[in-house]
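Student: Residue numbers (our numbering): 16 to 314. Quick reminder that beta carbons are idealized off the backbone N, C-alpha and C, glycines included.
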Ligand SMILES: C[S@@+](CC[C@H](N)C(=O)[O-])C[C@H]1O[C@@H](n2cnc3c(N)ncnc32)[C@H](O)[C@@H]1O
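#1: By a C-beta neighbour count over all protein chains shown, 10 Å radius and 16 as the cutoff for buried, is residue 133 buried or exposed?
#2: According to the Cβ coordinates, are residue 161 and residue 234 closer than 8 Å?
#3: Kindly identify the DSSP beta-bridge partner or partners of residue 122.
#4: Could you check how far apart the C-beta atoms of residue 357 and residue 159 are, in whole angstroms? I think they sit under 8 Å.
#5: My output table needs one value for residue 252: the three-state DSSP class, helix, strand or coil.
#6: Under a Cβ-count criterion, where at least 16 other Cβ atoms within 10 Å of its own Cβ denotes burial, should residue 211 be classed as buried or exposed?
#7: Can you give the Cα-Cα distance for residue 312 and residue 66, rounded to whole angstroms?
#8: Please give the ranges of any alpha helix (DSSP H) in the segment 226-297, keeping only runs that are unbroken, at least 4 residues long and fully inside the region.
#9: For the segment 249-267 and the segment 28-44, state whether three or more C-beta atom pairs, one from each stretch, are separated by less than 8 Å.
#10: Leaving out the 5 sequence neighbours to the left and right, which residues in its chain are closer than 8 Å to residue 84 when beta-carbon positions are compared?
#11: Count Cβ pairs between the segment 269-279 and the segment 143-153 that sit closer than 8 Å; are there 3 or more?
#12: Output needed for residue 135: all residues of its chain with C-beta closer than 7 Å, excluding positions within five of it in sequence on either side, in chain order.
#13: Just confirm the distance between the C-beta atoms of residue 143 and residue 75, as a whole number of angstroms; I'd bet it's less than 8 Å.
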């Protein structure tokens, strides 16, 4: 594996912890639900690729979701799996061996902002699923993707749009907010607002679909196509403990942590009484907003 010391096994970090536990709270039913949903996102981004590529690079591969989907679809493709997390690269490497596809995979520790260690004009396809969302300098990431693509190569990404979470927070904050709304505002703020005193907007909630389109265009991509898919669905029923162990993205604290550190015992009681019945019955509505963007480097 490139960029990783073989002598020191990688330790868990916020990225591996979230993918392995934080997004499902360790609950098997929720895990199956998340797996089905993320697999559908990966298929949709690959559907936009018109011709089977010989080479592809996935940005922020995590445990390899997009890479395995691509290898099933195009058995001959050579995949460069990149991530900043040594723990996830090691996990993906183990999974590639289990699937019998290790010979077609290269594992590279690289920041999306530069994709260092990846040669110019070396890839026919660049993909990313829910990784650019966490990158502070998103224009630099699009420039790096452009750099590593061959002439005529294609980019296809699927990124969450979390900005609405900020806007719904702001609605709770306005003067008409109920006492419960004010508590919910503080909860959401812990997950999506700008860190106090931060010079930069929160990378997770500080961009729009238009921003991503512009960054891609400014990097040099052409024939850009963007679709924003907004889907509402009911969350699966979860016991309260599972719900509290979950967080909406890798940089957010878990709900248990937020309840313990940001609310008084009386406030915790109000929140639990208001939310727990819907959480446990599965009545909670969840809206996903996914930006699908693809484009081409002129041939
Ligand atoms: C939500 S996970 C998504 C993982 C995978 N793409 C998937 O679809 O399941 C976000 C991934 O982005 C990676 N990541 C975060 N910031 C990054 C950066 N600056 N450069 C490269 N990878 C990054 C994390 O390590 C993590 O694997």
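Tutor: So, from the data block:
#1: buried
#2: yes
#3: 96
#4: The structure shown does not extend to residue 357, since the chain is modelled only from 16 through 314, so no value can be given for it.
#5: coil
#6: With a pLDDT of 46 at residue 211, under the threshold of 50, the predicted position of this residue should be treated as unreliable, though the coordinate-derived value follows. It counts as exposed.
#7: 15 Å
#8: 255-260, 270-277 and 280-296
#9: yes
#10: 54, 57, 58 and 61
#11: no
#12: 162 and 163
#13: 6 Å
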